[in-house]
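Protein chains in written order, with our numbering: chain Y, 30 to 264; chain C, 140 to 558.
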Ligand SMILES: Nc1ncnc2c1ncn2[C@@H]1O[C@H](COP(=O)(O)OP(=O)(O)OP(=O)(O)O)[C@@H](O)[C@H]1O
Ligand SMILES: [Mg+2]
């Protein structure tokens, strides 16, 4: 049903954001983090978002990833209006269509690398053995075939981020949202992770929205947008 | 359910450096174990004691009493029964009745003289029952069981059989004599003189029911009639029935046949305070042990809230991945269930082992006077054990409800930020 809907009016747009605002209430004060952001991301497109620290990049990405709801405005993912979806439908959307790579990897500390990667498939109720095999494949494809049974604490920052990337890809999402995936990596490691991210995005015709500080990343993107004073403008 | 189970187990048996949760899990399981073990053992002992006591009581007394109703100044009261032979016939006609007897039951004062270097003079009230020994032995267990009787069980002319406690308190033993004062008196020139006779202690019995042993004594029916200046009348009829638990139906039949001039009482009515006390005691014990279970439940609530806090970020990650609130709730309910099932299972095993030990290798002596019983009677009813299990597991599940909702309602972004 959602696929048919997206064909009708989506024009291939993976994301369509219009007039989105987000306010945070801090006691008496109201913080207007987003003040009418507009954004369209086509299928297969890679968009980089830059902006000062605290400008609301993570906030925007959380909204795109259906982790939070906007104060005002409309967000469509593959033609579906998120405001029209209830909690369980949003859960399913996150599970099936979106792969999120967090600013701080957010791996589950008690789980082995492959278990972390397999988790989205298990949440989607896919079979244990199939999930494990797929997780191992993914880990091998990000160069982590030797670290399957390590727990996150035993991995380097770059390795952790690669595991997190493999996890984001586990349910074969159409849309990847990456929030400074190389935030605390050295340049060499950053390049490795970014090359990988670009490969997996391009290979399957996925869309990618990546938040970043680093110019070399921004330069590789199809488009770069700057988040400033709550609005997105071409940089 | 596989995934929920996997996550729940990991929450309860955290292998991270801070193994606090595992320790707390163990503590909350121990809480459930203690509660269930205590419940099973306490109720088994109470049930055992009650059954044992009831059996003695029911068999010791007559199952049924028939009294004559007469109008007194303050309304109906029990009176002397003239036509008791006819009443006996009617009662005996009931197919469930196996034996009957007629008796006189009056209050009396027992008096002993002091003895040189021995007992002091004493004066005690007692129920003196005048019985037809041959018939009464078929109705009540009184004096039937040779183990419980010293000397003669059935009094002849000039003899009295005393309850063991009564005898002990008055310092009487077989062959001693005791003066029995009845309520029947004559006015003489010197004032009022109560009728009395000097009787020889021919037997001492022990019923196992403390109150009976302290208050009751037996004489022959002729003795009692003479002592109380009665003609050929009795105070009541006793009957024994086949099944004492069918007593209410039998009572209705007999009452219908005898008419309103007679009143029929059953063994259950004869001892209402005792039944009430037993019931109350059991209820009290149940409430106390339930409190133990409640503490265990609070323990679980605390444990799971702690898990929720400790695993907030993980819950955020799972939710961000697309795990539903329902699944999160199920994970936490499952944690409550796991604690409940493991705790209850261990509790049942320990409780049953405890009951076995109490019954067959009781490690301590119980003073007989406490329950009037030797050792600890233990009765494990499968139904009771099942009810305890079901209750305990339900309580554990209920305890998980609040943490489960708390965990499922976490805001995803906030949870991811949580340190
Ligand atoms: N839950 C919240 N309550 C109140 N204020 C918040 C909340 N979340 C974010 N903010 C504020 O909103 C603003 C934007 O935060 P956000 O994390 O989106 O910034 P960012 O652009 O991702 O910054 P960085 O580059 O440092 O990651 C910040 O000023 C932050 O303090
Ligand atoms: Mg950020």
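Glycine included, C-beta positions come from ideal geometry on N, C-alpha and C.
Just so it is clear, the structure is predicted and the values come from calculations on it, not from any experiment.
Item: Completely contained alpha helix (DSSP H) runs for the stretch 285-367 of chain C, where each covers 4 or more residues; Value: 303-309, 349-354, 360-366
Item: Beta-ladder partner(s) of residue 206(Y), from DSSP; Value: 129(Y), 238(Y)
Item: Within 7 angstroms, strictly: CB atoms of residue 112(Y) and residue 71(Y); Value: no
Item: Candidates 528(C), 531(C), 530(C), 493(C): closest to residue 518(C) by CA position; Value: 493(C)
Item: Rounded distance between the beta-carbons of residue 178(C) and residue 432(C), thought under 8 angstroms; Value: 7 angstroms
Item: DSSP state of residue 213(C) mapped onto helix, strand, coil; Value: coil
Item: Chain-ordered residues, beta carbon under 5 angstroms from a heavy atom of ligand 1; Value: 53(Y), 62(Y), 82(Y), 83(Y), 84(Y), 85(Y), 86(Y), 87(Y), 88(Y)
Item: Inter-residue CB distance, residue 106(Y) and residue 86(Y) (contact presumed, cutoff 8 angstroms); Value: In fact, because the Cβ distance is near 18 angstroms, the residues do not count as touching under 8 angstroms.
Item: Residue-chain proximity (residue 201(Y), chain C), Cβ-Cβ < 7 angstroms; Value: no
Item: Any non-hydrogen atom of ligand 3 within 6 angstroms of residue 132(Y) CB; Value: Absence of ligand 3 from the depicted structure is noted, with ligand 1 and ligand 2 being the only ligands included.
Item: Interface flag, residue 62(Y) vs chain C, CB-CB below 7 angstroms; Value: no
Item: Continuous beta strand (DSSP E) stretch holding residue 241(C): start and end; Value: 236-251
Item: Chain C contact for residue 96(Y) (CB, 7 angstroms cutoff); Value: yes
Item: Best match in 185(C), 151(C), 171(C) for proximity to residue 523(C) [C-alpha to C-alpha]; Value: 185(C)
Item: Nearest-angstrom Cα separation, counted from residue 50(Y) out to residue 242(Y); Value: 23 angstroms
Item: Any C-beta of chain Y under 7 angstroms from that of residue 143(C); Value: no
Item: Residue 375(C) - containing beta strand (DSSP E), residue span; Value: 375-380
Item: Alpha-carbon to alpha-carbon, residue 205(Y) and residue 58(Y); Value: 34 angstroms
Item: Interface residues of the stretch 94-122 of chain Y facing chain C [CB-CB below 7 angstroms]; Value: 96, 97, 116, 117, 120, 121
Item: Residue 229(C) beta carbon less than 7 angstroms from that of residue 486(C); Value: no
Item: Cβ of residue 179(Y) within 7 angstroms of any chain C Cβ; Value: no
Item: Continuous alpha helix (DSSP H) assignments of at least 4 residues falling wholly in the stretch 49-110 of chain Y; Value: 86-93
Item: Option nearest residue 252(Y) by Cα separation, candidates 77(Y), 54(Y), 56(Y); Value: 77(Y)
Item: Any C-beta of chain Y under 7 angstroms from that of residue 449(C); Value: no
Item: Chain-ordered neighbours of residue 152(Y) on chain C, where CB pairs are closer than 8 angstroms; Value: 142, 457, 460, 461, 462, 466
Item: C-beta atoms of residue 247(C) and residue 226(C) nearer than 7 angstroms; Value: no
Item: Exposed unless 16 or more other CB atoms sit within 10 angstroms - verdict on residue 167(C); Value: buried
Item: Inter-residue Cα distance where the pair is residue 201(Y) and residue 165(C); Value: 40 angstroms
Item: Short CB-CB distance (under 7 angstroms) between residue 255(Y) and chain C; Value: no
Item: Three-state secondary structure (DSSP) of residue 184(Y); Value: coil
Item: Three-state secondary structure assigned by DSSP to residue 269(C); Value: strand
Item: Environment of residue 156(Y) [buried if 16+ CB atoms lie within 10 Å]; Value: exposed
Item: Closest Cα partner of residue 468(C) within the set 498(C), 549(C), 236(C), 520(C); Value: 549(C)
Item: Cβ-based neighbour list, residue 151(Y), same chain, cut-off 8 angstroms, excluding 5 preceding and 5 following; Value: 157, 160
Item: The stretch 80-99 of chain Y / the stretch 423-432 of chain C touching (three or more Cβ pairs under 8 angstroms); Value: no
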